[in-house]
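Protein chains in written order, with my numbering: chain A, 1 to 238; chain L, 239 to 476.
C-beta: ideal position from N, C-alpha, C; glycine also.
Worksheet: the structure to be examined is printed underneath.
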DNA sequence: CGGTCGCTTGACTAAGGTCAAACGAGGTGG
DNA sequence: CCACCTCGTTTGACCTTAGTCAAGCGACCG
């Protein structure tokens, strides 16, 4: 966690690495960069709120964002964590126009964003961008559908294991090796992600810590024995 | 349920009504129609299978299709029912290329489809089509996310009520009035849709039938008291 | 030093899943 | 035409999972 300076060329590079501009000539990438607004935000602040008119599309360059949905009955669920390089709030620009969930920074973050007008113009002028968006949304859809099936058929323990494994994968190749999840995760987050209560999540996680499956330093979680966790996730174990 | 003749102008009209070609000039629509293959299928046959290389994108013109996902552990969940005018199997053409679920006709159906090459060319040449796809997928994503939250936080009874209400809405404005769900629904379908077991679904449904909330004729379900059902879905009742 | 926040832990409970059995309708073949 | 079988469904008895209620702990912050 070294001191990090905000350099323009870093943000440019980060934006170029987005799936959004995959396969586009560098001229277009430059244009996308020029249209972007970059905000440097502390942790725990709201980026967009559920139900509001969609004005902008966002991408996380540095840090992490929590996407949480709250139902009409007040129950809330954590839809996903956004890691660097991923986008959020983009779909609402194309549909009814209301954000379907809340987004807040889970740690100090750099967030790039584009106005609705600019973003729509980009997709109209560069079909490849539209296709890239379809790819990203499709990936998300597949992911959510998988979780839906798991939620319907698997035990709380399995779902928690899946949630952790997903987070590790999301953290990128480097972390996937070591198993460190570089996002501050509260028990409550894990619970909402896996669709259980804070209490059962706590019980399961502390049990796994005692068994040496997990380790915790500060707010971060580290998966020590991913293969075992994977077996638990598939119901082959305990 | 009158005898139905397959007339080319009917299929043309049905394809023109797809969200896919919304906002496009009729010349393009004609082109889309010319590229479509239309299959007339009996009920209960497979249209595409999970895990197969995505070759085509599909749309239901007449009838209904069941989209079912099966996990590595064998547990299966009904992702959604496809009503006339909706598409399926489209996203896989843009992502990895494997269908994420099975699709089978739930009743005799007319299915339009386009080859991968044609479909991708269409989206490249007509950005509006790509944007329409994003809209459709976005809608789906929002829907699945809502169900995910419900699955995590609500009771089995509430989820079943939600599933029925969703089906009624899907059946179109005419049916929404009368409350008839014009799709053959087995108990098992309802159960998989709501993420419960066949048994609890049966218990709940027969209880509702006895209470006059539902009626059943042949394989179809009819919702007699939608407002009451809606209150159950929101947990205000029983 | 008190307050808040996040976490842990225990005891209890109920929702709903599992197991088991049987029924009715529809279709098929003897 | 009837016997039989299959498939979808119903219903009961039981039991496990995981949610609820309640209490206490430790850490961090002002």
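Selection 197/A, 168/A, 195/A, 77/A evaluated against residue 184/A yields 168/A as nearest (Cα-Cα). Per the Cβ contact rule, the region 54 to 70 of chain A is in contact with the region 6 to 23 of chain A (3 or more Cβ pairs under 8 Å). For residue 396/L, the enclosing alpha helix (DSSP H) begins and ends at 394 to 408. Its chain contains 429 as the residues whose beta carbon lies nearer than 7 Å to that of residue 435/L, once the 5 sequence neighbours on both sides are disregarded; these appear in chain order. By the Cβ criterion, the region 286 to 296 of chain L is not in contact with the region 127 to 139 of chain A, since fewer than three pairs of Cβ atoms, one from each stretch, lie closer than 8 Å. Cβ-Cβ separation between residue 351/L and residue 304/L: approximately 17 Å, too far for a contact (criterion under 8 Å). The alpha-carbon separation between residue 110/A and residue 400/L amounts to approximately 39 Å. Less than 7 Å divides the Cβ of residue 295/L from the Cβ of residue 357/L.
By the 16-neighbour rule on beta-carbons within 10 angstroms, residue 322/L is buried. The region 144 to 163 of chain A and the region 382 to 402 of chain L touch, with no fewer than 3 CB-CB distances between them shorter than 8 Å. Excluding sequence positions up to five before and after residue 335/L, its CB lies within less than 8 Å of the CB of 291, 292, all in the same chain and listed in chain order.
Residue 471/L sits close to residue 396/L, with the two beta carbons spaced by under 7 Å. Residue 372/L and residue 439/L do not touch by the CB rule: their CB atoms are close to 34 Å apart, not below 8 Å. Nothing from the region 27 to 55 of chain A brings a Cβ to less than 8 Å from some Cβ of chain L. Separation of the CB atoms of residue 224/A and residue 212/A is rounded to 6 Å, and the pair is thereby assigned contact status at 8 Å. For the pair residue 258/L and residue 370/L, the CB atoms are nearer than the 7 Å cut-off. By the rule that beta-carbons nearer than 7 Å mark a contact, residue 379/L touches chain A. Secondary-structure assignment with DSSP links residue 214/A through a beta bridge to 223/A.
Between residue 69/A and residue 383/L, the beta carbon gap of about 6 Å places them in contact (Cβ cut-off 8 Å). Residue 375/L sits close to residue 329/L, with the two beta carbons spaced by under 7 Å. DSSP lists 40/A, 62/A as the beta-bridge partner residues of residue 110/A. The C-beta of residue 40/A has fewer than 16 other C-beta atoms within 10 Å across all chains shown, which makes the residue exposed.
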